[in-house]
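Undergrad: Per this note's numbering, the sequence shown runs over residues 3 to 380.
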Amino acid sequence: MIVPPIFKTAFKFLLYDKAKSIGALLGIVISTFLIGQQLGIFFWMAGTMDVLVRLNPEYIWVVDNKTENANALGRLDSRIEFELKSIPGVKNVHPLFVGGATVQVPGGNSSAITLVGASVETFVGFPKEFYEGSAVDLIPDGAVSVDIFEGRTFSNTELGTTFEINGRKAYVAARTRNVRGFGGVLVFTALERARNWSGVTGRPSNAFLVETEPDAERAKVIAAINENIFGVRAWEGKEFGKKTVQFILTNTSIATSFGTLVIFAFISGFFIVGLTLFSAAIDRMKDYGTMKAIGATNSYIRKLIYSQAFLFAVVGFFLGYLLILAFKAGVAKQGLLIQFSPWFLGLFFTMICVIAVGGATFASRRITRLEPAEVFRF
Numbered sequence: 003m004i005v006p007p008i009f010k011t012a013f014k015f016l017l018y019d020k021a022k023s024i025g026a027l028l029g030i031v032i033s034t035f036l037i038g039q040q041l042g043i044f045f046w047m048a049g050t051m052d053v054l055v056r057l058n059p060e061y062i063w064v065v066d067n068k069t070e071n072a073n074a075l076g077r078l079d080s081r082i083e084f085e086l087k088s089i090p091g092v093k094n095v096h097p098l099f100v101g102g103a104t105v106q107v108p109g110g111n112s113s114a115i116t117l118v119g120a121s122v123e124t125f126v127g128f129p130k131e132f133y134e135g136s137a138v139d140l141i142p143d144g145a146v147s148v149d150i151f152e153g154r155t156f157s158n159t160e161l162g163t164t165f166e167i168n169g170r171k172a173y174v175a176a177r178t179r180n181v182r183g184f185g186g187v188l189v190f191t192a193l194e195r196a197r198n199w200s201g202v203t204g205r206p207s208n209a210f211l212v213e214t215e216p217d218a219e220r221a222k223v224i225a226a227i228n229e230n231i232f233g234v235r236a237w238e239g240k241e242f243g244k245k246t247v248q249f250i251l252t253n254t255s256i257a258t259s260f261g262t263l264v265i266f267a268f269i270s271g272f273f274i275v276g277l278t279l280f281s282a283a284i285d286r287m288k289d290y291g292t293m294k295a296i297g298a299t300n301s302y303i304r305k306l307i308y309s310q311a312f313l314f315a316v317v318g319f320f321l322g323y324l325l326i327l328a329f330k331a332g333v334a335k336q337g338l339l340i341q342f343s344p345w346f347l348g349l350f351f352t353m354i355c356v357i358a359v360g361g362a363t364f365a366s367r368r369i370t371r372l373e374p375a376e377v378f379r380f
């Protein structure tokens, strides 16, 4: 691999004052870690906000017409299911029940949970993939599915573990991995069982997942539902998920809290690198002045300074990301699974380059204003 000469020269400049170079590098490492850590936690948390919808995004979601949050679904009358089936283009309708309950584990500890009931005939509404077991295992009386990371609530999430839900005996028949609710522990079970354990009267649901005919225009089906059935609103699954996340972020301080920390890390890195490179440039004023005196252009000087900043960005991002990976491994044991997509990593690296190169502007502006004759004054 051929390294451009400008980077070789920039590297020599960095080695000249190791203390300042280490200081600037630490600024990039800290910024990388803090930004990556906070955004990673935020992405994970955002993923829990619409978890129920993300499990079944391919259906049209019919909910109460005042609902904009999948975590606060209103009750719907069971007769709506038959009304939905009468809409042209509807192939099938799958009820989903969501209700609160209390789990009591052996030893006396009790915790609040969210029961999610779905049909054990079609299994629509359940997770499509289980860590252990399957949706079929939820058919027997008392069978439930819990997440492997909910050990604090259930003490033990192993298959066969027994406990009580609202005074009824239940046991772990299947387990999921990272299917966790926003602010609540999700427990999946059969539809009628969830209704019974929640103590509701009648056969209410909280949402209907509508399956359309293959040749049906979904937009027309949604419009027909909204026009002909009173008190409900139909959403495309993915749109309902986005609306849920938007609703929560708009009505809470979550985005503000994480955003403030990310901005703080960005600004800190920017000024740490900027002031360090500026100080290093002042210390090496003679060298830069001599280079300009023997013919180096302002363009070359700028490239040299920005090359130093870019080297800081590359090495700092690498070291910072190693710290992020260590953090990911640590919190993964507690169920906080942080994932970064390739496009995000590319954007993340670009952000770090902006911090480093942007901070180098202080030094670049000072040196490019230097006149060659001034070198003899230092």
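The beta-carbon is built from N, C-alpha and C at its ideal position, and this holds for glycine as well.
Who are the Cβ neighbours of ALA12 in its own chain at under 7 Å, not counting the five residues just before and after it?
TA: LEU306, SER309, GLN310 and LEU313
Undergrad: For SER112, write down the residues that DSSP places opposite it in a beta bridge.
TA: GLN106
Undergrad: Could you tell me the distance, in whole angstroms, from the CA atom of ALA114 to the CA atom of GLY360?
TA: 49 Å
Undergrad: State buried or exposed for PHE380, treating a residue as buried only when at least 16 other CB atoms are found within 10 Å of its CB.
TA: For PHE380, the pLDDT reaches just 47, beneath the cut-off of 50, and the residue's location in the model is therefore unreliable, leaving the point undetermined.
Undergrad: Check for me: the alpha helix (DSSP H) holding LEU36 runs from which residue to which?
TA: From DSSP, the alpha helix (DSSP H) with LEU36 extends over 20-51.
Undergrad: Taking the alpha-carbon positions, what's the ALA282 to LEU325 distance?
TA: 27 Å
Undergrad: Please tell me whether ILE354 and ILE30 are closer than 8 Å, where the distance is taken between their beta carbons.
TA: Between ILE354 and ILE30, the CB-CB gap stays under 8 Å.
Undergrad: Should ILE269 go down as buried or exposed, given a rule of 16 or more other Cβ atoms within 10 Å for buried?
TA: Burial call: exposed.
Undergrad: For VAL202, which three-state DSSP category applies?
TA: coil
Undergrad: Tell me the DSSP secondary structure of THR262 in three-state form.
TA: helix
Undergrad: How is TYR173 classed by DSSP in three states: helix, strand or coil?
TA: TYR173 falls in the strand class under three-state DSSP.
Undergrad: Check this for me: beta carbons of SER121 and HIS96, under 8 Å apart or not?
TA: yes
Undergrad: With DSSP collapsed to three states, give me the class of ARG235.
TA: ARG235 carries a strand assignment under DSSP once its states are collapsed to helix, strand and coil.
Undergrad: Consider the Cβ of GLY233: report whether some Cβ of chain D lies at a distance smaller than 8 Å.
TA: No chain D is present in this structure, which holds just one protein chain.
Undergrad: With H, G and I counted as helix, E and B as strand and the rest as coil, what does DSSP make of LYS130?
TA: coil
Undergrad: Around the Cβ of TYR18, are there at least 16 other Cβ atoms within 10 angstroms (buried) or fewer (exposed)?
TA: With fewer than 16 other Cβ atoms inside 10 Å of its own Cβ, TYR18 counts as exposed.
Undergrad: Do the stretch 263-277 and the stretch 27-42 meet, that is, are 3 or more Cβ pairs less than 8 Å apart?
TA: yes
Undergrad: Looking at ARG367 and the ligand ATP, is the gap between the Cβ and the nearest heavy atom below 7 Å?
TA: This structure does not include the ligand ATP; it has no bound ligands of any sort.
Undergrad: Tell me the DSSP secondary structure of PHE210 in three-state form.
TA: strand
Undergrad: Which residue or residues does DSSP assign as beta-bridge partners of PRO97?
TA: PHE210
Undergrad: Whole angstroms are fine: how far does the CA of ALA358 sit from the CA of ALA72?
TA: 41 Å
Undergrad: THR370 by DSSP, collapsed to three states: which one?
TA: Helix.
Undergrad: In this structure, what does DSSP give as the bridge partners for PHE165?
TA: ALA172
Undergrad: Alpha carbon to alpha carbon, what distance is there between GLY239 and ALA1?
TA: One cannot answer for residue 1 here, as it falls past the ends of the chain, which runs 3 to 380.
Undergrad: Note the first and the last residue of the continuous beta strand (DSSP E) segment covering VAL189.
TA: Per DSSP, VAL189 belongs to the beta strand (DSSP E) from 188-192.
Undergrad: ILE369: buried (16+ other C-beta within 10 angstroms of its C-beta) or exposed?
TA: The residue is buried, with at least 16 neighbouring Cβ atoms inside 10 Å.
Undergrad: Do you know how far the Cα of GLU229 is from the Cα of GLU215?
TA: 19 Å
Undergrad: For VAL247, name the three-state secondary structure that DSSP assigns.
TA: helix
Undergrad: Note the first and the last residue of the continuous alpha helix (DSSP H) segment covering VAL316.
TA: 300-334
Undergrad: Using only the alpha-carbon positions, how far apart do ASN446 and PHE125 sit?
TA: Coverage of the chain is limited to positions 3 through 380, which leaves residue 446 absent and any answer about it impossible.
Undergrad: Please state the DSSP three-state secondary structure of LEU78.
TA: strand
Undergrad: Going by CA-CA distance only, name the one from ALA331, LEU349 and THR246 that's closest to THR50.
TA: THR246
Undergrad: Exposed or buried, which one is VAL202 when buried takes at least 16 other CB atoms within 10 Å?
TA: Label assigned to VAL202: exposed.
Undergrad: Excluding sequence positions up to five away, which residues of its chain have a Cβ less than 6 Å from the Cβ of ASN300?
TA: Leaving aside the five residues that flank ASN300 on each side, the residues in its chain whose CB is nearer than 6 Å to its CB run, in chain order, THR370.
Undergrad: Rounded to a whole number of angstroms, what is the C-alpha to C-alpha distance between ARG367 and ILE284?
TA: Taking the straight line from one Cα to the other gives about 12 Å.
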